[in-house]
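Just remember that my numbering sits 2 ahead of the position in the sequence shown, which is counted from 1.
Just so you know, even glycine gets a beta-carbon here, dropped at the ideal spot from N, CA and C.
Here's the structure we're looking at; comments come further down.
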Amino acid sequence: YSRKVVAEAGLRFNTDLMRYEDIQFNVSYLTRVEKIAVVDKGLYHYCVFTDHASLSDRMTKKNFGMALASYEAIRRELGGRRSDYLGYYFSYIVMGYLIRLFQAGSPFTFAEAVREVRSVCASRMYTEVMEFYRRPKGASVLVPSFLKVRMFLLASVAAKVRMLRASAGNKPVRQWCFAQS
């Protein structure tokens, strides 16, 4: 990162967000530079697990709001330009969120989680990004299938069963993974 670009543009991390502030900052930065260097070597491996112990990955009632705030800021930053990568990225955030609504320790009751599923699926963000979702190996087949046909209660039951199975086996449920090799 060029300190000069950051200073001249007045770029700052959004400190109101506990999550997704990095993608928002990076897009803001990248829209202000003329050149970037690409290293043609896999140096990064990043997986998100639905029951990960990380503080930033814990389910709160503010998670979707933070994702939505970051998504909307990025949309404004892009000024109407379409980014397939961001659609892809946010589709996995949304799907992971919808499934984690039903994990042990979620602040949502089952009924609240079902209402949240309906609410998220009614959002413009959901409509715009889910065309980019591609189910990774090992991820739920039922949840996205039921969501696609707007069967929210069945999607919720499938997500709850998935999370119960994961907690019974004490295994993390992989929702998405970016890997370079």
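Does the distance from the C-beta atom of S108 to that of R102 stay below 8 Å? yes
* CB-CB under 8 Å to V159, same chain, minus the five flanking residues each way: which ones, in chain order? -> none
- [ ] Check whether the Cβ atoms of M68 and M20 sit closer than 8 Å, and answer yes or no.
- [x] yes
Inset, instruction - Would you decide whether F112 is buried or exposed? Buried here means 16 or more other CB atoms lie within 10 Å of its CB. - result: exposed
- Message: Just to confirm my understanding: we take V89, look at its own chain, exclude 5 residues before and 5 after, and list those with CB closer than 6 Å. What are they?
- Response: First, the residue type needs correcting, since residue 89 is Gly and not Val in the sequence shown. The answer, listed in chain order, is V131, F134.
Q) Just the Cα atoms here: how many angstroms apart are G82 and E114? A) 34 Å
Straight-line Cα distance separating R117 from R164
19 Å
Review point. Between K150 and K6, what straight-line distance do the alpha-carbon atoms span, to the nearest angstrom?
Key: 45 Å
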